[in-house]
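Student: The following block contains the structure, expressed as structure tokens.
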Amino acid sequence: MNFNELPKTGKIYFVGIGGISMSALAMILKNKGFDVCGYDKTASEITFGLEKNGIEIFYQTEDKNLNGVSCTVYSAAFTPEHPEIQQIAKRNIPLYKRAQLLGAIAKLYPNSIGIAGTHGKSTTSGMLSYVFMNDKKYDPTVLVGAVLPNISSTFKLGSDENFIFEADEYKDSFLSFFPRIAVILNVKLDHTDYFPSFERLIQSFKGFVSNTGNSGYAVINHDSEGAIKAVSDYAGKLITFSSHGNRKATFYAENIIMNKGFATFDVYKSRAYYMSVTLSVPGLHNVSNALSVVACCDICGMNKESISSGIKSFKGVCRRFEFKGQFMGADVFDDYAHHPDEIRATLSAAKNMDYKRVISVFQPHTYSRLRDLFDDFAASFSDCDLPVFADIYSAREVNTYGITSEQLAVKVKSGIYLDSFLKIEEYLKCILCPGDLLIFMGAGNITELAKTVTKE
167 MNFNELPKTG KIYFVGIGGI SMSALAMILK NKGFDVCGYD KTASEITFGL
217 EKNGIEIFYQ TEDKNLNGVS CTVYSAAFTP EHPEIQQIAK RNIPLYKRAQ
267 LLGAIAKLYP NSIGIAGTHG KSTTSGMLSY VFMNDKKYDP TVLVGAVLPN
317 ISSTFKLGSD ENFIFEADEY KDSFLSFFPR IAVILNVKLD HTDYFPSFER
367 LIQSFKGFVS NTGNSGYAVI NHDSEGAIKA VSDYAGKLIT FSSHGNRKAT
417 FYAENIIMNK GFATFDVYKS RAYYMSVTLS VPGLHNVSNA LSVVACCDIC
467 GMNKESISSG IKSFKGVCRR FEFKGQFMGA DVFDDYAHHP DEIRATLSAA
517 KNMDYKRVIS VFQPHTYSRL RDLFDDFAAS FSDCDLPVFA DIYSAREVNT
567 YGITSEQLAV KVKSGIYLDS FLKIEEYLKC ILCPGDLLIF MGAGNITELA
617 KTVTKE
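Per our numbering, the sequence shown starts with residue 167, numbered consecutively.
See below:
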């Protein structure tokens with residue numbers, strides 16, 4: 167798909183407009199002068215924000231929704247069987263995937279940077295966006311998977327040649343993207359409802375990096391076996407990074423010092439000292455994320471002072487170790503972690519901070535993910551003093567797997583399962599103390615409980 171294929175007349179209708187990426191795409195088209203409307207089954211802060219910006223949203227599936235519509239865009243959450251998609255098909259209205267539209271927008275920018283990987287996409291794309299925006303020489307367009315606090319949005323429409331965006335692998339979405347710079351932060355088995363094997367996932371990542379062409383760049387985590395496999399036959403310019411100090415990497419970190427969970431380290435490029443970096447986001451995993459940002463900025467010719475000051479000033483994105491307030495004397499954080507590696511990294515960061523106890527409330531996301539990665543999930547809570555488990559957030563699935571959160575709680579040392587948010591809240595009231603760190607984790611609606619307890 168090319169951007170000029172979008173019709174200049176009629177409405178562009180987004181199916182699933184309340185999603186993080188879909189809402190940002192809708193706003194980008196709105197800002198470019200298109201007449202935009204959409205459907206979502208649930209009203210939310212996102213849909214209310216879109217409506218305030220003049221975008222009409224329908225919450226019921228009705229044929230009249232499509233009156234005046236000349237083009238539609240749908241998210242990966244919708245199947246051909248959905249009533250909205252069927253109505254569109256009956257009317258023979260052009261239908262594009264979300265990824266196709268994002269790919270078409272990316273083609274408008276000569277220096278597009280796509281951030282891919284199983285974990286860390288939102289934090290890294292947010293960090294890279296912030297570094298660019300912090301340097302007055304640049305005015306990038308950005309589209310990330312979490313709200314950037316400095317712009318209170320997931321997107322910004324800029325005026326220069328730079329476009330920074332998340333490249334999601336689910337359902338091979340990122341194969342629609344052709345960035346100049348393709349970043350792979352890591353590759354671990356996930357989305358097992360779509361990818362039947364690790365080998366199939368690797369093939370998808372190979373396709374993504376190959377889309378840069380011979381003149382493009384692949385920025386790859388040298389410490390990730392999966393990422394290295396993904397570039398085994400890459401024909402473009404290969405740049406690697408290592409937070410483990412591997413001197414075979416183009417960029418690597420040495421002399422890492424942790425201070426209450428936050429890292430300061432030296433960056434080396436091709437075995438020569440390059441710069442020092444101080445992070446304002448917690449966790450060793452963010453050393454790796456920051457190195458990918460350094461590599462991208464170096465490719466783009468940014469000066470070192472702008473890189474280091476931008477990274478130091480970056481304090482994270484919403485729902486990524488986000489401080490929410492206090493509850494019963496404990497500091498409360500909210501995090502999107504929903505894969506074992508993400509949980510492990512988040513709890514490790516929490517453990518290294520200055521708290522007496524780390525208490526987590528985890529809501530598994532999808533039955534298939536918990537079933538297929540069950541043992542890895544069970545092993546990921548070793549840095550948590552008291553893990554509490556909520557019911558599985560089903561998302562797009564039906565539980566045909568016979569898997570429950572209670573089974574996970576039994577497997578995890580000191581694990582506790584409670585079958586409602588109200589019971590979890592009452593339990594936390596009984597056990598929390600000043601000096602505790604409480605973190606809510608998951609990609610579902612567990613974030614609402616984090617908001618509830620910190621409002622009281």
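The C-beta atom is built at its ideal place from N, Cα and C for all residues, glycine as well.
Taking only three categories from DSSP, how would you classify R113?
Tutor: Residue 113 lies beyond the range of the chain shown here (167 to 622); nothing can be said about it.
Student: Please report the distance separating the alpha-carbon of C203 from that of D334.
Tutor: About 24 Å.
Student: So what does DSSP say about A561, is it helix, strand or coil?
Tutor: Correct three-state label for A561: coil.
Student: Tell me the DSSP secondary structure of R346 in three-state form.
Tutor: Of the three classes helix, strand and coil, the one that applies to R346 here is coil, per DSSP.
Student: What does DSSP give as the partner residue(s) for L404 in the beta ladder?
Tutor: Note: L404 sits in a beta bridge opposite A384.
Student: Along the beta strand (DSSP E) that carries M441, what are the first and last residues, could you check?
Tutor: First-last of the beta strand (DSSP E) with M441: 438-444.
Student: Got a sec? Which residues, its chain only, sit under 8 Å from R523 by beta carbon, not counting five neighbours each side?
Tutor: Within the same chain, R523 has close Cβ partners D551, L552, C599, G601, D602, L603.
Student: The beta strand (DSSP E) with P276 in it runs from where to where?
Tutor: No beta strand (DSSP E) holds P276; DSSP gives it neither H nor E.
Student: Suppose the cutoff is 7 Å on Cβ atoms and the five residues either side in sequence are ignored; what does the same chain contact list for S390 look like?
Tutor: So the qualifying residues of the chain are N352, V353.
Student: Could you check how far apart the C-beta atoms of L268 and F343 are, in whole angstroms? I think they sit under 8 Å.
Tutor: Correct: roughly 7 Å between the Cβ atoms.
Student: Could you give the residue range of the alpha helix (DSSP H) that holds M193?
Tutor: Unbroken alpha helix (DSSP H) run through M193: 186-197.
Student: Taking all protein chains shown into account, do 16 or more other C-beta atoms lie within 10 angstroms of the C-beta of K177, making it buried, or fewer, making it exposed?
Tutor: With 16 or more Cβ atoms within 10 Å of its Cβ, K177 is classed as buried.
Student: Please state whether the Cβ-Cβ distance between E572 and F587 is less than 9 Å.
Tutor: It is not a contact, given that the beta carbons lie outside the stated cut-off.
Student: H357 by DSSP, collapsed to three states: which one?
Tutor: H357 falls in the coil class under three-state DSSP.
Student: Whole angstroms are fine: how far does the CA of A515 sit from the CA of D497?
Tutor: The alpha-carbon atoms of D497 and A515 are separated by roughly 14 Å.
Student: Assuming H531 and H285 are in contact, meaning their beta carbons sit under 8 Å apart, how far apart are those beta carbons, in whole angstroms?
Tutor: With 8 Å as the limit, H531 and H285 do not qualify as a contact, their Cβ atoms being about 13 Å apart.
Student: Identify whether P246 lies in helix, strand or coil by the three-state DSSP scheme.
Tutor: If DSSP states are grouped into helix, strand and coil, P246 belongs with coil.
Student: Shortest alpha-carbon distance to H451 belongs to which of K196, D542, R486?
Tutor: Measuring from the Cα of H451, the nearest candidate turns out to be R486.
Student: Output the distance between the C-alpha atoms of D464 and G449, rounded to the nearest integer angstrom.
Tutor: Their Cα atoms are separated by approximately 23 Å.
Student: From what residue to what residue does the alpha helix (DSSP H) around I597 run?
Tutor: Looking at the DSSP string, the run of the alpha helix (DSSP H) that includes I597 is 587-597.
Student: Output the boundary residues of the alpha helix (DSSP H) element that contains D507.
Tutor: Taken as a continuous stretch (DSSP letters only), the alpha helix (DSSP H) holding D507 covers 506-517.
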